[in-house]
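Residue numbers (this note's numbering): 304 to 729.
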């Protein structure tokens with residue numbers, strides 16, 4: 304049916320060529336060139352007619368038509384882009400000139416059909432090079448062919464959101480994330496506004512390029528239109544974590560938890576991200592402790608200041624650790640077969656243990672040292688239990704066994720440490 308339509312379309316155009324050329328002798332050479340499939344001759348003849356009258360609607364129309372036919376007959380698909388650009392310009396000028404005529408010729412109704420013919424030719428071929436194995440096997444880099452056909456399609460018909468959408472997908476397949484983002488931005492611009500999924504994809508491409516700021520900006524625009532889109536909220540939180548706006552990101556994830564309290568992944572994100580902050584604060588405490596050791600006999604005032612700072616930091620660490628721990632424990636209750644949750648809990652407890660051992664080592668009070676030692680060992684035991692659960696759920700993950708090896712060694716469990724070392728491939 305499509306082939307029949309195409310044949311009828313060009314038959315109709317041929318009739319229009321004949322009828323119109325009988326009224327304007329300047330158009331006859333153009334028609335003769337088209338009939339002979341010598342499109343360059345037709346284009347030169349059209350240029351001659353336009354030199355005499357640059358507003359000659361029929362000459363503009365047939366020049367555009369000849370450009371389309373020449374593009375279709377050109378094997379070098381990259382060379383077609385310029386031809387489609389001229390075709391588009393000629394047909395746009397022809398349409399404007401037709402609008403100024405008292406009696407509009409039948410050709411005016413065919414302008415859009417020529418554009419769609421050129422667009423369909425290129426768009427459909429692009430799909431074949433991207434998805435049809437038999438066509439893909441005919442060239443060395445089929446995705447590059449698909450991209451060029453889509454560029455041609457959007458040159459011929461720059462209003463096609465479909466082609467820009469597919470172009471974004473094909474660029475993504477080719478790992479050209481900048482091209483994908485540019486094409487998706489065009490989709491959003493043409494639709495004005497885009498759909499939630501399109502803001503989502505545009506943000507994803509920018510994340511892949513390491514441009515979280517641009518991604519967050521796009522997500523803000525999308526969320527202003529689609530405030531209930533869970534996908535956009537999730538990506539927004541991820542982007543805010545990447546840009547360092549952790550508090551705002553956590554607020555978004557907590558909002559997601561309110562709407563979906565049984566989603567373990569949200570709680571895992573909360574626990575993990577909060578604990579990332581704990582790790583940063585812990586690094587500050589360690590750096591201050593090292594400085595305290597260096598200054599202990601030289602600057603008592605500064606040592607006291609650093610001790611106060613560490614006291615405040617440890618208070619923050621305790622609050623944040625409890626918050627992270629609670630989120631992770633709930634996540635484990637919801638999803639008891641997820642090894643990542645138990646591994647993260649293991650990290651939390653191991654670091655709590657290390658901090659307590661550090662305090663034990665720095666106290667001069669023997670009773671306090673014994674108390675801290677017991678607390679540290681209890682946290683280490685919790686860490687071990689969670690690492691063991693993670694390794695049980697995912698025994699092929701060597702990082703879990705490495706964590707167990709280090710913990711077993713610290714606890715003096717040498718036989719267990721040796722077994723874990725073997726499973727870790729160390």
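Glycine included, each C-beta is placed from N, C-alpha and C at the ideal position.
Remember, it's a predicted structure, so these values are computed and weren't measured experimentally.
Which value, in whole angstroms, describes the spacing of the CA atoms of residue 614 and residue 485?
50 Å
I think residue 651 touches residue 631, with their Cβ atoms under 8 Å apart; what is that distance to the nearest whole Å?
Indeed they touch by this definition, with Cβ atoms about 7 Å apart.
Please classify residue 552 as buried or exposed, where buried requires at least 16 neighbouring CB atoms within 10 angstroms.
buried
Excluding sequence positions up to five away, which residues of its chain have a Cβ less than 6 Å from the Cβ of residue 329?
352
N-terminal and C-terminal residue of the alpha helix (DSSP H) that residue 685 is part of
669–696
Burial state of residue 519 (16 or more Cβ within 10 Å):
buried
Outcome for residue 624 when other beta-carbon atoms lying within 10 angstroms are tallied against a minimum of 16:
It counts as buried.
Return helix, strand or coil for residue 324, following the three-state DSSP convention.
Caution applies to residue 324, whose pLDDT of 41 falls short of 50 and renders its modelled position unreliable; the value that the coordinates give is listed next. In the structure shown, residue 324 adopts helical secondary structure according to DSSP, grouped into three states.
With 16 as the cutoff for other CB atoms within 10 Å, does residue 604 come out buried or exposed?
With a 10 Å radius around the Cβ and a threshold of 16 neighbouring Cβ atoms, residue 604 comes out exposed.
What separation, rounded to the nearest whole angstrom, lies between the Cα atoms of residue 724 and residue 708?
6 Å
Taking only beta-carbon positions, decide if residue 424 is within less than 9 Å of chain D.
Absent from the structure: chain D. Only one protein chain is present.
For residue 724, does the three-state DSSP call read helix, strand or coil?
helix
Which term fits residue 343, buried or exposed, when burial requires 16 or more other beta carbons within 10 angstroms of its beta carbon?
exposed
Sequence-distant residues of its chain with Cβ nearer than 7 Å to residue 660 (five each side left out)
679
Considering only their Cβ atoms, is the gap separating residue 697 from residue 690 smaller than 9 Å?
no
Quick one, which of 374, 384, 405 and 418 has its alpha-carbon nearest residue 394's?
418
What is the DSSP secondary structure of residue 618, reduced to helix, strand or coil?
Assignment of residue 618 by DSSP, reduced to helix, strand and coil, places it in the helix class.
Please go through the same chain and pick out, in chain order, the residues whose beta-carbon is closer than 6 Å to the beta-carbon of residue 345, but skip the five residues on each side of it.
Closer than 6 Å at Cβ, skipping near neighbours: 333, 336, 337 and 369.
Taking 9 Å as the threshold (C-beta atoms), are residue 490 and residue 429 in contact?
no
Own chain partners of residue 324 with C-beta closer than 6 Å, once the 5 adjacent residues on each side are dropped
For residue 324, the predicted structure reports a pLDDT of 41, less than 50, and the residue's modelled location is therefore unreliable. The matter cannot be settled from this model.
What's the gap between the Cα of residue 411 and the Cα of residue 398?
6 Å
Go ahead and pull the three-state DSSP assignment for residue 549.
helix
Tell me the residue span of the alpha helix (DSSP H) that contains residue 396.
First-last of the alpha helix (DSSP H) with residue 396: 380–402.
Mind the definition here: the region 537–551 touches the region 581–590 only if three or more C-beta pairs lie below 8 Å; say whether that holds.
no
CA nearest to the CA of residue 693, picked from 644, 681, 538 and 715
Distance from the Cα of residue 693 is smallest, within the candidate group 644, 681, 538 and 715, for 644.
By how many angstroms is the C-alpha of residue 633 removed from the C-alpha of residue 570?
Whole-angstrom Cα-Cα distance: 7 Å.
So, helix, strand or coil for residue 526, using DSSP?
Helix, per DSSP.
Within the continuous alpha helix (DSSP H) that includes residue 504, where are the two ends?
499–511
Taking all protein chains shown into account, do 16 or more other C-beta atoms lie within 10 angstroms of the C-beta of residue 442, making it buried, or fewer, making it exposed?
exposed
Which term fits residue 434, buried or exposed, when burial requires 16 or more other beta carbons within 10 angstroms of its beta carbon?
exposed
Taking only runs that begin and end inside the region 577–628, name each unbroken alpha helix (DSSP H) of 4 or more residues, in chain order.
none
Do you know whose CA, among 647, 451, 673 and 460, lies nearest residue 577's CA?
647
Give the DSSP-derived three-state secondary structure of residue 715 in the structure shown.
Looking at residue 715 - three-state DSSP - the assignment turns out to be coil, as it is neither helix nor strand.
Is residue 381 near the ligand GDP, in the sense that its beta carbon is under 8 Å from a heavy atom of that ligand?
Because no ligand of any kind appears in the structure shown, any question about the ligand GDP cannot be addressed here.
Beta-carbon within less than 7 Å of residue 617's beta-carbon, same chain only, minus the 5 sequence neighbours each way: which residues are those?
Closer than 7 Å at the Cβ level, and outside the excluded window around residue 617, lie 588.
Residue 356 by DSSP, collapsed to three states: which one?
coil
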